[in-house]
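full-length UniProt numbering numbers the first residue of the sequence shown as 1 and each following residue consecutively.
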Amino acid sequence: MKIDYDIKFMELAVKLAKYSLDHGETPVACIYVHIPSNKIIAYGMNDTNKSRLGISHAEFMGIDQIYKNNFQHLLNEIALYVTVEPCIMCASAIKQLGIKKVVFGCGNERFGGNGSILSIHNDFCTLPTNNHSSLPGILRKEAIVLLRQFYVRENERAPVPRSKNNRKLELEEFPPFLWSKYLSKEDFVDTFGSENLTKYETDRDLFSSVNWKLVEGNYDNIVNELELQINSFEQHKKRKFSL
């Protein structure tokens, strides 16, 4: 399948989001991938609960890591894989930095900047020379399940904690996905194939079932694994420039 690599990297982002959930944080996470080498160069997790800063979004945490690792000269060769559609703030930053591609899981119906509310990635009002591709709906249900698990829990770090005793975790029903908000029919067919066109026309997910093994796993080693992959990229880069 044309999106095999996209699924592979999104699975890592989902694992990182599950790690965030297991450690009391909002389960939104991202991976930054260097497209020419297909290697991970940074990652990020929401840090809004711990830091109590509303701007500590996963995308920004990953961007900080890119700069700390001195990879900023590669920004126009990077793809972002994030479990939830970037908010308008993050989408604007991503475009200003010149990131080449964004892949996300579920839409952000209140604040989404890649199609749900605004389409910053391909508009002609904000840096049209930095327009980039955006691929939605990859492991959408898995991203939704993690968010639902978080929002039925008590959050003692919330500014005004609310009782959630009456909330029930819904794991069977999912809202339709309005592909047309994010992709034209032609772009959908080019990416997912004409055999999946009925899913576009009927607002159905690419994958009908949830990968429960993925969303229920324990990923306490995921950060170490990602750090090793980043170190591998650094070594690859050093070898390339030493030749």
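For every residue, glycine included, the Cβ atom is placed at its ideal position computed from N, Cα and C. From a predicted model like this one, the values you see are computed outputs, not experimental measurements.
Could you give the distance in angstroms between the alpha-carbon of residue i and the alpha-carbon of residue j?
i	j	result
G62	H132	18 Å
D64	I99	14 Å
F9	Y43	11 Å
E59	C30	6 Å
I152	E227	The displayed chain sequence assigns Val, not Ile, to residue 152. V152 and E227: Cα-Cα distance of roughly 31 Å.
G107	E234	33 Å
E50	S194	Residue identity differs from the one stated: residue 50 is Lys in this sequence, not Glu. In a straight line, the C-alpha of K50 is about 45 Å away from that of S194.
Q96	E173	37 Å
Given that a residue counts as buried once 16 or more other Cβ atoms are within 10 Å of its Cβ, and exposed if not, what is residue i?
i	result
N38	exposed
W179	buried
F55	The sequence shown places Ile at residue 55, rather than the Phe named in the question. By the neighbour-count rule (16 or more Cβ atoms within 10 Å), I55 is not buried but exposed.
P136	buried
P175	exposed
P36	exposed
H23	exposed
H57	buried
K18	buried
H121	buried
V223	exposed
P27	buried
On the DSSP letters alone, give me the boundaries of the beta strand (DSSP E) that residue i sits inside.
i	result
Y81	I78 to V84
F104	K101 to C106
L135	S133 to L135
Tell me the DSSP secondary structure of residue i in three-state form.
i	result
C30	strand
C125	coil
N130	helix
S180	helix
G62	helix
S119	strand
N49	helix
N114	strand
I144	helix
L169	coil
Quick check on the DSSP output: the alpha helix (DSSP H) that includes residue i runs from which residue to which?
i	result
G44	Taken as a continuous stretch (DSSP letters only), G44 belongs to no alpha helix (DSSP H), being part of the beta strand (DSSP E) at K39 to M45.
D190	K185 to F192
C90	I88 to L97
I7	D4 to D22
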